[in-house]
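Asks:
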Amino acid sequence: MGRRALPQTPPRPSTRGAKAQLSTPTPCPRGRRVALESEIDAAVRERCLLSLQLALSRGHPCPGAHHISEAVSRGHCGALELLLEAGSEGLDEECRGQRPLQTACDRSACQGDDGYRLAEALLRHGADPACGDVSHPPLHEACRRGNAQMVLLLLQHKADPSAPSPGGHSPLHAACQGAPVLDPALHPKVVDVLLLHGARPLAADDFGLPPRAYAAEGGLYQKLGRAERWWTRRSLRSVCRATADWPGLAPPERGPERLLHGVVTLSGVLGAVLDLVSHEAAPGTRCWQHQRGPILQWAPFC
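Its first residue numbered 1, the sequence shown is counted upward by one per residue in full-length UniProt numbering.
Structure representation (structure tokens):
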């Protein structure tokens, strides 16, 4: 009998190449991020705009050249200052649904932090404090978060203290809505800052509700109630005092013309008061222009 041949086993594949690949691991995401931050820091130290833009473009997920947005999202004040001094474009361009000023305000929690300094640099170089017609304006978000210093910074750069959001809410509405969610002690300061800069406490939203209707905290509710009463009394007293200075309304000496003058003057006063209560005054201004001349100078809320 012949010997039976044993089946031959196929040769094993060589693992030398796989071991060589395992010996040189790819860098981890954290390592790449640290290396990119080092490149950005080096470009800022050397004041090299081209190197800074290349480094920011490598770390930016958007295909567009949004260097300012990337510098703000990284919280790098030095990179932002270098870009703004060089006149880089994109100061108010949207990137992934956010403008640079919105991102800076979202990063800020108090005065002096990175988000505050970023927003201050953007506003100083001409950024729009309202960010156009966005769904979440920076002033409303700062009021909702109770960041009084950011609210003051935006108002100092000509933000409108009574501008409605696309949902119809004023900054006072946003402050009252954010008080129950966050620290209630922060939002009365925001309300004081808004009222001192001419915010209208009687401004209604799309549902016809004033800001006080959203105030769940007792102190905030009482403060807005006092502001509403002050607003109405101040408007009436100012209009009554100002009617004496209107041109052409000096009362006659005697006769039926004096009675007719009193009726005309009273109707003018009532019309002006109705204009004030219905908030036809120009938002964000302290002087209301009547058709016969300026008659009212807003006074700050005390």
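Positions of the beta carbon are idealized from the N, C-alpha and C atoms, including for glycine.
1. Taking 7 Å as the limit between beta carbons, can you name the residues of its chain near K223, skipping five residues before and five after?
2. CA-CA distance, L91 and H66?
3. Just the Cα atoms here: how many angstroms apart are P211 and Q177?
4. Measure the alpha-carbon distance for L22 versus I40 and round it to whole angstroms.
5. Leaving out five residues before and five after L154 in sequence, what residues of the same chain have Cβ atoms less than 7 Å from its Cβ?
6. Would you identify the three-state DSSP class for C110, choosing helix, strand or coil?
7. Taking the straight line between their C-alpha atoms, what separation do you get for H60 and G208?
8. Label Q156 either buried or exposed according to how many other C-beta atoms from any shown protein chain fall within 10 Å of its C-beta, with 16 as the threshold for buried.
9. Grab me the residues of E89's own chain with a C-beta within less than 7 Å of its C-beta, minus the 5 sequence neighbours each way, in chain order.
10. Alpha carbon to alpha carbon, how far is L101 from R124? Give it in angstroms, no decimals.
11. Alpha carbon to alpha carbon, what distance is there between Q149 and G112?
12. In whole angstroms, give me the CA-to-CA distance for residue 343 and L56.
13. Where do the ends of the alpha helix (DSSP H) carrying residue 305 lie?
14. Check whether chain D comes within 8 Å of L209, counting only Cβ atoms and requiring the distance to be less than that.
Replies: Based on what the coordinates show:
1. By one-based count along the sequence shown, residue 223 stands at place 223. Contacts found: P188 and V191.
2. Here the question's residue 91 lines up with position 91 in the sequence shown. Here the question's residue 66 lines up with position 66 in the sequence shown. In a straight line, the C-alpha of L91 is about 9 Å away from that of H66.
3. Position 211 of the sequence shown, counting from 1, holds the residue named residue 211. Position 177 of the sequence shown, counting from 1, holds the residue named residue 177. Straight-line Cα distance between these residues: approximately 9 Å.
4. Numbered from 1 along the sequence shown, position 22 holds the residue referred to as residue 22. Numbered from 1 along the sequence shown, position 40 holds the residue referred to as residue 40. With a pLDDT of 49 at L22, under the threshold of 50, the modelled position of this residue cannot be trusted; read the value that follows with caution. Those two C-alpha atoms are separated by around 31 Å.
5. Stepping through the sequence shown from its first residue, residue 154 is reached at position 154. P129, P138, L139 and A142, listed in sequence order.
6. In the sequence shown, counting from the first residue as 1, residue 110 sits at position 110. Correct three-state label for C110: coil.
7. Stepping through the sequence shown from its first residue, residue 60 is reached at position 60. Stepping through the sequence shown from its first residue, residue 208 is reached at position 208. In a straight line, the C-alpha of H60 is about 43 Å away from that of G208.
8. In the sequence shown, residue 156 corresponds to position 156, counting from 1. The residue is exposed, with fewer than 16 neighbouring Cβ atoms inside 10 Å.
9. Numbered from 1 along the sequence shown, position 89 holds the residue referred to as residue 89. Once the five neighbours on either side are set aside, E89 has no close Cβ partner at all.
10. As a first step, residue 124 must be located in the sequence shown, where it is residue number 124. As a first step, residue 101 must be located in the sequence shown, where it is residue number 101. Answer to the nearest angstrom: the Cα atoms are 11 Å apart.
11. Along the sequence shown, one-based indexing puts residue 112 at 112. Along the sequence shown, one-based indexing puts residue 149 at 149. Roughly 9 Å between the two C-alpha positions.
12. Residue 343 is absent from the structure shown; the chain starts at 1 and stops at 302.
13. For the chain, the structure presents residues 1 to 302; residue 305 sits outside this window and is missing.
14. Checking the listed chains, one finds no chain D in this structure; it contains a single protein chain.
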